[in-house]
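Asks:
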Amino acid sequence: MKKSVIRKRSLGAAPFNRADIGGIIIDKDQPGQPHKGKVFAAIHAHLDDIPFYAAGLCAKLIGEGYTGYVLRTSNDEKRGGGTPAQNILSNEQEHIKMAEAVGFKEVFDLYYQNHEMDGISSLDLRGRIIFILRLIKADTVISFNPWGHGEENPDHWATGRAVEEAAWMCGIDTDFHEHLEAGIQPHPVLERYYFQARRGQPYNRVVDIGSHIEKKIASLVECKSQGGGNFGSQLRARLAKEGKRLPLLGNDDRTADREYVRQFLLEDEREAGREFGLEFAERFYYIDQRPPAKSKVDEYVERNAVPL
Ligand SMILES: [Zn+2]
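In the numbering used here, the protein residues as written are 416 to 723.
In structure tokens:
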């Protein structure tokens, strides 16, 4: 993203449909509860994806009235230092704690095999996500950019593509029509936030997460099987064996983990905020598909209709 093309816009400006046109919106805390009654689904593949890429945004939106749900697609069996079965359990338990730290209402886990999600049926994944989006009546999704550059992890892009397709399709009553028979109604998803998970991926929204950073840190310290949530206490223990201590890490493991995250694991957030004078920020490619209050046809009719 060339700095020279960046210009600030206010939230009241016309929304973008693509990241490669227009400028960048700086999204600050909004007073009151402007999103009251709305629902978002944060959909990631692994325990630590949402904490790293979007926990600040999720905490902000919940604070502004959204109800948030988190959905994890993989079983995380490859990360955690134990056997696959042990890793599945530790990641599952930490996922619940992570969700509580951010303020999500509920957790969904789909348990697809970790690092092998490019081999699963995209139709199966899409159908399951559509069911959940309809069930919770999601207005907004937060997930991976399905076409983002530099993505090495197949679980990320497989999840992102299924989410993009599901968000479009879940408002169409002829897709998965058996859901309707079961009383699950179509529900259009009209807003999307795609993570900037890798450098070079496009973004058009920089979210000020300064007032939500403690919740982001609280979510990251729950990511112990992966994500570095316990690196602080591990470092504290190692130094103690060597007869040393770091004042930064305090006098207990909880403080050590939190302060380690704050000091060493938030460099991307500091960099994202720096050029806009923000202490911490997260970047997203935001897509707004909400229809205008009045359609062009309605406007034309209003201006031009004559009595019979
Ligand atoms: Zn991941």
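Here a beta-carbon is modelled for each residue, glycine too, at the ideal position from N, C-alpha and C. Note that this is a predicted model, so its numbers are computed, not measured.
Which residue marks the beginning of the beta strand (DSSP E) containing residue 626, and which one marks its end?
Replies: On the sequence shown, position 211 is the one that residue 626 refers to. First-last for residue 626: undefined, no H or E at that position.
Asks: When you compare only the Cα positions, how much space is there between residue 719 and residue 446?
Replies: Within the sequence shown, residue 719 is the residue found at index 304, counting from 1. Within the sequence shown, residue 446 is the residue found at index 31, counting from 1. Straight-line Cα distance between these residues: approximately 40 Å.
Asks: Taking 7 Å as the cut-off, is the beta-carbon of residue 533 closer than that to any non-hydrogen atom of ligand 1?
Replies: For this step, residue 533 is matched to residue 118 along the sequence shown. Checking the Cβ of residue 533 against ligand 1 gives no.
Asks: Work out the CA separation of residue 604 and residue 554 for me, nearest whole Å.
Replies: Numbered from its first residue, the sequence shown carries residue 554 at position 139. Numbered from its first residue, the sequence shown carries residue 604 at position 189. So the alpha carbons of these two residues sit roughly 5 Å apart.
Asks: If you draw a straight line from the alpha carbon of residue 418 to that of residue 652, how long is it in whole angstroms?
Replies: To locate residue 418, count along the sequence shown from 1; it is residue 3. To locate residue 652, count along the sequence shown from 1; it is residue 237. With a pLDDT of only 34 at residue 418, under the threshold of 50, the placement of this residue in the model should not be trusted; the figure read from the coordinates follows. Each residue's Cα considered, the two are about 43 Å apart.
Asks: Any chance you could list the residues with Cβ under 6 Å from a heavy atom of ligand 1, keeping chain order?
Replies: Matched residues: 460, 461, 464, 568, 571.
Asks: Have a look at 490, 462, 687, 448 and flag the residue whose alpha-carbon is nearest the alpha-carbon of residue 477.
Replies: Against the sequence shown, residue 477 aligns to sequence position 62. If we check each option's Cα against that of residue 477, 448 comes out closest.
Asks: Is it the case that the region 473 to 489 contacts the region 522 to 531, given that we only count it when at least three CB pairs across the two stretches are under 8 Å?
Replies: The region 522 to 531 is in contact with the region 473 to 489.
Asks: Please report the straight-line C-alpha distance between residue 576 and residue 563, rounded to a whole angstrom.
Replies: What you label residue 576 is simply residue 161 of the sequence shown in a count that begins at 1. What you label residue 563 is simply residue 148 of the sequence shown in a count that begins at 1. Roughly 10 Å between the two C-alpha positions.
Asks: Could you check which residue in 702, 691, 560, 627 has the C-alpha nearest to that of residue 615?
Replies: What you label residue 615 is simply residue 200 of the sequence shown in a count that begins at 1. Checking every option, the nearest Cα to that of residue 615 belongs to 560.
Asks: Indicate whether the contact test is met: 3 or more Cβ pairs, each with one atom in the region 516 to 527 and one in the region 467 to 484, closer than 8 Å.
Replies: Flag = yes, the region 516 to 527 and the region 467 to 484 touch.
Asks: Is the region 571 to 590 close to the region 632 to 643, with three or more CB pairs under 8 Å?
Replies: Touching, no, given that fewer than three Cβ pairs across the two stretches are closer than 8 Å.
Asks: With a threshold of 8 Å between beta-carbons, can residue 646 be considered close to chain B, or not?
Replies: This model lacks chain B altogether, as it is built from one protein chain only.
Asks: Can you tell me whether residue 593 is buried or exposed, with buried defined as 16 or more other CB within 10 angstroms of its CB?
Replies: Position 178 of the sequence shown, counted from the start, is the residue given in the question as residue 593. When all chains shown are included, residue 593 counts as exposed.
Asks: Rounded to whole angstroms, what's the CA-CA distance from residue 702 to residue 558? Just pull it up for me.
Replies: Residue 702 sits at position 287 when you count from the first residue of the sequence shown. Residue 558 sits at position 143 when you count from the first residue of the sequence shown. Those two C-alpha atoms are separated by around 12 Å.
Asks: For residue 396, which three-state DSSP category applies?
Replies: With the chain represented from 416 up to 723, any question about residue 396 goes unanswered, as that position is not in the structure.
Asks: Does residue 423 come out as helix, strand or coil in the three-state DSSP assignment?
Replies: For the purposes of this step, residue 423 is identified with residue 8 of the sequence shown, where counting begins at 1. Confidence at residue 423 is low in this model, with a pLDDT of 41, below 50, so its placement is unreliable and the value that follows should be read with caution. In this structure, residue 423 counts as strand in the three-state DSSP scheme.
Asks: Are residue 624 and residue 549 closer than 8 Å when you measure CB to CB?
Replies: Taking the sequence shown and counting its residues from 1, the one referred to as residue 624 is at position 209. Taking the sequence shown and counting its residues from 1, the one referred to as residue 549 is at position 134. No, they are not a contact pair.
Asks: For residue 541, which of 566, 574, 713, 551 has the nearest alpha-carbon?
Replies: For the purposes of this step, residue 541 is taken as the residue at position 126 of the sequence shown. Among 566, 574, 713, 551, the Cα nearest to that of residue 541 belongs to 574.
Asks: Pop quiz: residue 587 and residue 695 are said to be a contact at Cβ under 8 Å. What is the actual Cβ separation, rounded to whole angstroms?
Replies: Numbered from its first residue, the sequence shown carries residue 587 at position 172. Numbered from its first residue, the sequence shown carries residue 695 at position 280. Contact doesn't hold; Cβ gap of about 38 Å is too wide.
Asks: Just to confirm my understanding: we take residue 706, look at its own chain, exclude 5 residues before and 5 after, and list those with CB closer than 7 Å. What are they?
Replies: Against the sequence shown, residue 706 aligns to sequence position 291. For residue 706, where only same-chain residues beyond five positions count, there are no Cβ hits under 7 Å.
Asks: To the nearest angstrom, how far is it from the Cα of residue 602 to the Cα of residue 704?
Replies: Locating residue 602 in the sequence shown gives position 187, where the first residue counts as 1. Locating residue 704 in the sequence shown gives position 289, where the first residue counts as 1. The straight-line gap from Cα to Cα measures roughly 13 Å.
Asks: Using the Cβ count rule (16 or more neighbours within 10 Å means buried), how would you classify residue 591?
Replies: Start at 1 with the first residue of the sequence shown, and residue 591 comes out as number 176. When all chains shown are included, residue 591 counts as buried.
Asks: Give the straight-line distance between the Cα atoms of residue 673 and residue 648, rounded to the nearest whole angstrom.
Replies: One-based indexing of the sequence shown puts residue 673 at position 258. One-based indexing of the sequence shown puts residue 648 at position 233. C-alpha separation (whole angstroms): 9 Å.
Asks: Would you mind sorting residue 442 into buried or exposed? The rule is 16 or more other CB atoms within 10 Å of its CB.
Replies: Here residue 442 is taken as the residue at index 27 of the sequence shown, counted from 1. Buried, by the Cβ-count rule.
Asks: By Cβ distance, which residues of its chain are closer than 7 Å to residue 465, with the 5 residues on each side in sequence left out?
Replies: The residue given as residue 465 occupies position 50 in the sequence shown. Answer for residue 465: 457, 459, 473, 485, listed in chain order.
Asks: Tell me, to the nearest whole angstrom, how far the beta carbon of residue 690 is from that of residue 469; I am working on the premise that it is less than 8 Å.
Replies: The count along the sequence shown starts at 1 and reaches residue 690 at position 275. The count along the sequence shown starts at 1 and reaches residue 469 at position 54. About 20 Å separates the two Cβ atoms, so there is no contact after all.
Asks: With the cut-off set at 8 Å, would you say residue 620 and residue 699 are in Cβ contact?
Replies: The sequence position of residue 620 within the sequence shown is 205, counting from 1. The sequence position of residue 699 within the sequence shown is 284, counting from 1. Cβ distance < 8 Å, so residue 620 and residue 699 count as in contact.
Asks: Compare the Cα-Cα distances from residue 461 to each of 640, 501, 439 and report the closest residue.
Replies: Within the sequence shown, the letter at position 46 stands for residue 461. Looking at the Cα atoms, 640 is the closest of the given residues.
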